[in-house]
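Mapping the sequence shown onto the numbering used here, position 12 (from 1) lands on 1182, and the numbers just tick up by one. Below is one structure, written out as structure tokens; the observations come after it.
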Amino acid sequence: MESDRTLSALGNEYNPDILRAADEPHSAQEFSEMLDIPIATCYRRIEELTAAGLLELHDRVLSDEHRRTNVYRREVDEIVVRFEDDDYTVSVTERPEVKNKLDDVWRKITQD
């Protein structure tokens, strides 16, 4: 993961809010409504967070309108930025694979 890209993504309005809310999978529409973000901005922020490796496309689910909708969840559990003299480091703790698998199992159980 690129430190500059990660830090840049975190600095943009709404991105930290989306990451906090993305512990569970949500669609762009859900993020928009939950966080009061304009939908077009929400799509741009999701794209930026995904490109930075902080958010992932989790699934494509069937919406209430019977259309396929992308749902996203964060790919990281923790981001630490340390400033040292004239430099900085960004440490990222990714979501454990076990946690991802448990989320997947729970999602399948609740859909049935």
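From the three backbone atoms N, C-alpha and C, an ideal C-beta is built for every residue, glycine too.
Report task. Compare the Cα-Cα distances from Asp1206 to each of Ala1191, Thr1220, Pro1195 and report the closest residue. Result -> Taking the Cα of Asp1206 as reference, the smallest distance to any Cα among Ala1191, Thr1220, Pro1195 is reached at Ala1191.
**Report entry** Same chain, Cβ closer than 6 Å to Ala1133, five either side skipped, listed in chain order
**Finding:** Only positions 1171 to 1282 of the chain appear in this structure, which leaves residue 1133 out of reach.
Requested in this report: Note down, in chain order, each residue of its chain lying with its Cβ closer than 8 Å to the Cβ of Asp1193, except the 5 sequence neighbours on either side.
Outcome: Correct list, in chain order: Arg1243, Arg1244.
Query raised in the report: From Asp1174, Glu1203, Pro1195, Glu1172, pick the residue whose C-alpha is nearest to that of Tyr1184; which is it?
Result: Glu1203
Report task. Check each candidate in Ala1221, Thr1259, Glu1200 and name the one with the smallest Cα separation from Asp1234. Result -> Glu1200
**Report entry** Close-in-space but distant-in-sequence residues of the same chain around Leu1177 (CB under 7 Å, 5 per side omitted)
**Finding:** Around Leu1177: Val1251, Val1260.
Query raised in the report: In whole angstroms, what separates the C-alpha of Arg1238 from that of Ala1179?
Result: 27 Å
Query raised in the report: Taking C-alpha atoms, which residue in Glu1248, Asp1257, Asp1255, Phe1253 lies nearest to Pro1266?
Result: Glu1248
Requested in this report: Measure the alpha-carbon distance for Ile1209 versus Gly1223 and round it to whole angstroms.
Outcome: Take the alpha-carbon of Ile1209 and the one of Gly1223: they are about 21 Å apart.
Requested in this report: Please list, in chain order, all residues of the same chain as Val1268 whose beta carbon is under 8 Å from its beta carbon, the five residues on each side excluded.
Outcome: With a pLDDT of only 43 at Val1268, under the threshold of 50, the placement of this residue in the model should not be trusted, and no figure is reported.
Query raised in the report: Would you say Glu1218 and Asn1182 are within 8 Å of each other, going by their C-beta atoms?
Result: yes
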